[in-house]
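Residues in the sequence shown are numbered consecutively from 1, following UniProt numbering. Note that beta-carbon positions come from the ideal geometry of N, C-alpha and C, so glycine has one too. Notes to accompany the following structure.
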Amino acid sequence: MKTRLCTVCNEAGAKYKCPKCSAGYCSVACYKVHKTEPCVSPEKNYSDGQQPRTQQHATSDTGKPSSLTIANAPAVDDEDEKAKHRLGPEDLKKLHQADRVKELLANPEIRLLLDAVRKDPNPVEAIRILRQRPDFEQLAQALICATKRVD
1 MKTRLCTVCN EAGAKYKCPK CSAGYCSVAC YKVHKTEPCV SPEKNYSDGQ
51 QPRTQQHATS DTGKPSSLTI ANAPAVDDED EKAKHRLGPE DLKKLHQADR
101 VKELLANPEI RLLLDAVRKD PNPVEAIRIL RQRPDFEQLA QALICATKRV
151 D
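Okay, structure coming up:
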């Protein structure tokens, strides 16, 4: 029998499964991450235990997906606008030196959540969902404070 991988971290074997959707997970930390997302019905699971991470996307009046980002702001297509929000070398240096950021990143659960965001096909939506968690919101605020970016 083929061992299923954890549907959250995709690294460890899935020892447990979600009672709602049968998604496999390896630890309490991965289960907590899984709990923050809507479950996919068991019949949608893939045979190897992997299942896509689905996200709810807003639709326009025409029924077509609309391009929305955090706080329902229109998506930005202009490269100059995107570049304005990228962190530069000075910002990265500030983050590297920020004690509060280091303290929060020492938490293995936070690191697992960040890894899940990195692997998510829609990281903006994943961050929006995770910011409802007090521990993740503390990290977001520490990052903003360290770089003095409040936009």
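Under the criterion of beta carbons closer than 8 Å, Asp120 and Ala126 qualify as touching, at roughly 4 Å.
By the 16-neighbour rule on beta-carbons within 10 angstroms, Thr7 is buried. Straight-line measurement puts the Cα of Arg118 at about 24 Å from the Cα of Thr3. Under DSSP, no beta-bridge partner is assigned to Tyr31. Just measuring C-alpha positions, the residue of Ala106, Gly24, Ile144 sitting nearest Asn10 is Gly24. DSSP, read as helix, strand or coil, puts Lys148 in coil. In this structure Arg100 is in contact with Ala142, their Cβ atoms being roughly 4 Å apart against a cut-off of 8 Å. Secondary structure note for Leu104: its alpha helix (DSSP H) is the uninterrupted segment 99 to 105.
Secondary structure of Leu87 (DSSP, three-state): coil. It is roughly 14 Å from the alpha-carbon of Val124 to the alpha-carbon of His85. Around the Cβ of Ala83, a 10 Å sphere holds fewer than 16 other Cβ atoms; the residue is exposed. Annotation for Asp120: no alpha helix (DSSP H) segment contains it, and DSSP assigns it neither H nor E.
Nearest neighbour of Leu105 by Cα position, chosen from Asp91, Tyr31, Gln138, turns out to be Gln138.
Each residue's CA atom was taken as its position, placing Cys18 and Tyr31 some 8 Å apart.
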